[in-house]
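Below: one structure, written as structure tokens.
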Amino acid sequence: MNAQKIVKVSSKIYILFSILCVLYVGLFSMYSPQATMKLVSTVLPNNDAISSIRGVYGGVGLVIVVALIYLLRKDLRLGLIFITLFWISYALSRLITLVVDGPLGDFGFQWLIIESVQSILGLGLLLLFRLSKKI
1259 MNAQKIVKVS
1269 SKIYILFSIL
1279 CVLYVGLFSM
1289 YSPQATMKLV
1299 STVLPNNDAI
1309 SSIRGVYGGV
1319 GLVIVVALIY
1329 LLRKDLRLGL
1339 IFITLFWISY
1349 ALSRLITLVV
1359 DGPLGDFGFQ
1369 WLIIESVQSI
1379 LGLGLLLLFR
1389 LSKKI
């Protein structure tokens, strides 16, 4: 298997794994926004709060899934850029919280690690994607 094919297959696996992660959170949040927020010990006090979590984590998450599926099929490089930026944005948000508001709890720290690893993997794949085109 040549380098270009390995990078292509690895990128598809990375994007598919990300799709599954975002899909899970999206469906979970559509079904039970309160259960989603319970993970961070937050009670949603009214229907406006419930609909906001359902919309942001559920609805927007599902749109991201659809976009990633489209990009996976039509423009792998752009899909890789998009999902890498997605993970970088999440990790950066947690780092900002750490600096501005103080230490994260176990949940936030665990996700900072996951999102950072996903960011590094995405950046690495983007670099390999670019290099494999030159070989």
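Residues 1259 to 1393 (the working numbering) are what the sequence shown spells out, left to right.
For glycine and all other residues, C-beta sits at the position ideal for the given N, C-alpha and C.
Extent of the continuous alpha helix (DSSP H) run through residue i
i	result
residue 1300	Unbroken run through residue 1300: none, as it is neither H nor E.
residue 1353	1334-1359
residue 1282	1261-1289
C-beta atoms of residue i and residue j nearer than 8 Å
i	j	result
residue 1329	residue 1270	no
residue 1387	residue 1298	no
residue 1379	residue 1272	yes
residue 1342	residue 1370	no
residue 1300	residue 1315	no
residue 1336	residue 1383	no
residue 1320	residue 1284	yes
Exposed unless 16 or more other CB atoms sit within 10 angstroms - verdict on residue i
i	result
residue 1377	buried
residue 1349	buried
Same chain, Cβ closer than 6 Å to residue i, five either side skipped, listed in chain order
i	result
residue 1292	1302
C-beta neighbour in chain C for residue i, strict 8 Å
i	result
residue 1336	Within the model displayed, chain C is absent; a lone protein chain is all it includes.
Integer-rounded CB distance, given that residue j should sit under 8 Å from residue i
i	j	result
residue 1280	residue 1323	5 Å
residue 1400	residue 1312	Nothing can be reported for residue 1400, as the shown portion of the chain is limited to 1259 through 1393.
residue 1390	residue 1262	4 Å
Residues near residue i in its chain [Cβ-Cβ closer than 8 Å; skip 5 each side]
i	result
residue 1308	1291, 1292 and 1302
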